[in-house]
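Worksheet for the structure shown next.
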Amino acid sequence: MLQISVLKNNPEWVKQRLGVKNFKQINLVDEIIKLDDERKTIQLSYETAQAGINTASKEIGKLMAQGKKEEAETAKKQVATLKEQVTTSTEKLASIEKLLHDALVQLPNLPAKEVPIGKTPEENEIVRSGGTIPSLSENAVEHWFLLEKYKLANFELGNKITGSGFPVYTGNGAKLQRSLVQFFLDFNVNAGYHEYLPPFMVNEQSAFATGQLPDKEGQMYHVTEDKLYLIPTAEVPVTNVYRDTILKEEELPVKMTAYSPCFRREAGSYGKDVRGLNRVHQFEKVEIIQIVQPEKSYAVLEEMVAHVESLLNSLELPYRILRLCGGDMGFASAITYDFEVYSAAQKRWLEVSSVSNFEQFQTNRMKCRYKDSTGKTQLTHSLNGSSLALPRIVACLLENNQTDQGIVLPKALQPYFGKEMIQ
RNA sequence: GGAGAGAUGGCAGAGCGGUCGAUUGCGGCAGUCUUGAAAACUGUUGACUGUAAUAGGUCCGGGGGUUCGAAUCCCUCUCUCUCCGCCA
278 MLQISVLKNN
288 PEWVKQRLGV
298 KNFKQINLVD
308 EIIKLDDERK
318 TIQLSYETAQ
328 AGINTASKEI
338 GKLMAQGKKE
348 EAETAKKQVA
358 TLKEQVTTST
368 EKLASIEKLL
378 HDALVQLPNL
388 PAKEVPIGKT
398 PEENEIVRSG
408 GTIPSLSENA
418 VEHWFLLEKY
428 KLANFELGNK
438 ITGSGFPVYT
448 GNGAKLQRSL
458 VQFFLDFNVN
468 AGYHEYLPPF
478 MVNEQSAFAT
488 GQLPDKEGQM
498 YHVTEDKLYL
508 IPTAEVPVTN
518 VYRDTILKEE
528 ELPVKMTAYS
538 PCFRREAGSY
548 GKDVRGLNRV
558 HQFEKVEIIQ
568 IVQPEKSYAV
578 LEEMVAHVES
588 LLNSLELPYR
598 ILRLCGGDMG
608 FASAITYDFE
618 VYSAAQKRWL
628 EVSSVSNFEQ
638 FQTNRMKCRY
648 KDSTGKTQLT
658 HSLNGSSLAL
668 PRIVACLLEN
678 NQTDQGIVLP
688 KALQPYFGKE
698 MIQ
């Protein structure tokens with residue numbers, strides 16, 4: 278959520294930035310400013326009336342103590358008109374605050390100045406790439422055939438038990454998942470991230486704080502009976518660890534990592550984009566999150582990008598890093614780097630991580646603040662990234678490393694898996 | 001699921017209609033003493049909003065009500081604890 282002060286200080290700049298994000302309802306900015314001005318006027322009249330009641334009530338208390346009943350009674354009558362004023366302005370205030378909130382919540386985060394202009398994924402900017410794309414033999418096949426060949430995952434079984442998009446991993450497939458999760462967590466913990474195992478369901482407040490609600494309501498599984506949401510990413514429960522807190526400056530940066538399954542409805546997806554592990558409703562992911570001082574967040578963003586990059590290097594996968602254009606960015610993000618790995622049999626790039634700086638967008642919703650060196654409390658910045666999402670990593674590992682003898686695992690993973698190959 | 005008790009500032013814990021944004025202790029910060037530290041003593045120490053700065057307003061788990069006035073009374077929700085039941 279943007280701070281109203283940001284809109285008020287520079288409305289034209291805010292509108293220009295929203296334009297970069299391809300946001301349509303630019304007029305909301307002026308509406309919000311107007312609503313806030315109205316709010317102030319009403320608030321002032323409410324507070325003046327309330328102040329009158331407060332002083333009069335104290336006066337009545339004194340009169341009663343002195344036994345001056347008559348005077349107390351007259352004073353009581355005078356309060357009645359003030360009370361009416363309070364009642365009407367309270368009602369007005371409540372309705373205008375709701376309007377204001379509803380409007381403010383619709384505004385996405387402003388894109389940072391480095392964000393390229395553009396509307397579609399084609400306009401994302403390739404920052405750099407690494408690794409080498411393998412040249413596969415002629416009989417190389419896509420990962421969904423390999424999953425079947427080596428009995429690593431069973432989609433039909435998932436269909437029977439739950440529905441499409443819920444693969445059942447079996448044998449070495451299940452073990453590969455476990456090895457990857459363990460490898461990623463160790464890698465993150467070694468880099469100073471504190472490990473969490475969060476709840477896999479969250480309440481409405483938490484989903485709101487990180488920006489899933491109200492924007493992405495349809496993307497989450499909703500347990501209506503208990504008013505809980507299945508998490509689409511560990512970002513949601515883990516970032517909320519610091520909801521409604523005031524941190525000391527020496528506690529920063531907060532570095533957290535967590536494994537969790539992720540549940541996504543992916544409404545409207547179909548076709549070959551979703552074949553195999555390309556897009557599923559439940560998948561495993563390890564996430565990294567940082568909460569930092571505002572002036573440090575862009576340096577930390579680079580650090581997190583480098584961290585994810587070194588993870589991909591250790592998996593020996595060909596990758597590229599994209600800086601997302603305004604139109605392709607998420608609602609809450611100020612800047613996002615996507616990581617894609619090359620799936621050599623499908624001959625396409627697959628997104629495996631997304632590292633974002635949210636600046637104050639989430640922390641303003643969460644009220645996650647810190648006391649700076651001057652003793653002033655101010656909002657922190659939050660950042661997160663995947664490190665990494667498993668299914669597409671598995672897809673690439675299988676496709677890129679397939680040989681006639683079996684799937685060769687990268688060296689870094691071998692101690693975790695216990696073998697050099699899947700056969 | 002049943003019965004009872006409770007939710008107050010970083011923590012502990014008073015307050016049970018006006019003098020309470022809140023006694024006190026611990027912790028934190030500053031000072032005195034000391035070569036330094038500890039101890040002791042003294043002072044200070046919540047958040048939000050608002051103002052040029054004052055002032056003013058709001059917050060005692062959340063929401064609603066009674067009253068001129070609510071941390072205190074009533075209703076309701078959530079959560080915690082104790083006992084019973086069920087259970088990995």
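Just so we're aligned, residue 278 is where the first sequence starts under the numbering used here, counting upward by one.
Quick reminder that beta carbons are idealized off the backbone N, C-alpha and C, glycines included.
What you are looking at is a predicted structure, and each value in this text was computed from that prediction instead of being measured.
Cα-Cα separation, residue i to residue j
i, j, result
"A486", "E350", "49 Å"
"Q293", "V283", "13 Å"
"L321", "D503", "40 Å"
"K317", "T332", "22 Å"
"S456", "E579", "27 Å"
"F694", "S412", "25 Å"
"Q454", "L667", "7 Å"
"L376", "F638", "19 Å"
"N431", "L424", "8 Å"
"K449", "L507", "Reading off the sequence shown, one finds Asn at residue 449, where the question assumed Lys. So the two alpha carbons sit approximately 27 Å from each other."
"K353", "A328", "15 Å"
"L505", "M497", "10 Å"
"P530", "I568", "6 Å"
"L384", "G395", "18 Å"
"V518", "F616", "26 Å"
"K688", "S591", "8 Å"
"K493", "G683", "41 Å"
"F635", "M341", "56 Å"
"I310", "L387", "17 Å"
"K437", "D313", "54 Å"
"E348", "K369", "33 Å"
"V551", "E419", "13 Å"
"N575", "H378", "Inspection of the sequence shows that residue 575 is occupied by Tyr rather than by Asn. Straight-line Cα distance between these residues: approximately 28 Å."
"K339", "A357", "19 Å"
"M698", "C673", "15 Å"
"I403", "Q559", "29 Å"
"M643", "L589", "32 Å"
Presumed contact (8 Å Cβ cut-off) between residue i and residue j, rounded CB distance
i, j, result
"I281", "Y619", "The Cβ separation is near 45 Å, so there is no contact."
"V513", "I566", "Not quite, the Cβ-Cβ distance comes to about 10 Å (not below 8 Å), so this is no contact."
"T522", "Y470", "The pair is not a contact, with the Cβ atoms about 19 Å apart (cut-off 8 Å)."
"R669", "V629", "5 Å"
"A611", "A389", "5 Å"
"V297", "G603", "4 Å"
"M581", "L490", "Their Cβ separation, rounded to whole angstroms, is 25 Å, which puts M581 and L490 out of contact at 8 Å."
Span of the alpha helix (DSSP H), counted from its first residue to its last, around residue i
i, result
"N641", "F638 to M643"
"V466", "N449 to N467"
"Y575", "S574 to S591"
"I281", "I281 to N286"
"K426", "H420 to K426"
Proximity winner among the options, relative to residue i (alpha-carbon distances)
i, options, result
"E308", "G329, G344 and I373", "I373"
"S483", "N401, S574, T640 and G604", "T640"
"V557", "I565, C539, Q567 and K573", "C539"
"L381", "G652, L295 and I523", "L295"
"Y596", "C602, G652 and S631", "S631"
"Y647", "E527, R552, N386 and I670", "E527"
"L686", "E593, D649, L312 and K573", "E593"
"K562", "K624, M606 and L474", "L474"
"T365", "N678, Q679, A342 and A326", "A326"
"G435", "P444, V363, T613 and V356", "P444"
"R405", "A583, S441 and G440", "A583"
"M606", "R625, A621 and S633", "S633"
"T680", "R552, G408, Q700 and K525", "Q700"
"L554", "L359, L675, E315 and K346", "L675"
"S414", "K644, A622 and S663", "A622"
"A371", "K345, E315, S334 and L462", "E315"
"E586", "F422, G408, E572 and I303", "G408"
"P509", "W421, E543 and L627", "E543"
Range covered by the beta strand (DSSP E) that runs through residue i
i, result
"Q655", "T654 to L656"
"C602", "Premise fails: C602 is in no beta strand (DSSP E) and is neither H nor E."
"G435", "Per DSSP, G435 belongs to no beta strand (DSSP E); it is in the alpha helix (DSSP H), F432 to I438."
"V671", "Segment L667 to N677 is the alpha helix (DSSP H) holding V671; no beta strand (DSSP E) there."
"H471", "H471 to Y473"
"Q691", "Segment Q691 to F694 is the alpha helix (DSSP H) holding Q691; no beta strand (DSSP E) there."
"A535", "V531 to F540"
"I394", "Neither: I394 is in no beta strand (DSSP E) and is coded neither H nor E."
"T613", "I612 to S620"
"G407", "E402 to G407"
"Q383", "No beta strand (DSSP E) holds Q383; DSSP gives it neither H nor E."
"V479", "M478 to N480"
Could you name each continuous alpha helix (DSSP H) segment of 4 residues or more that falls completely within the stretch 293 to 354, going from the start of the chain to the end?
Runs found: 305 to 342.
Counting only runs that start and end within the stretch 485 to 528, where is the alpha helix (DSSP H) found for 4 or more residues in a row?
Fully enclosed alpha helix (DSSP H) runs of 4 or longer: 512 to 516.
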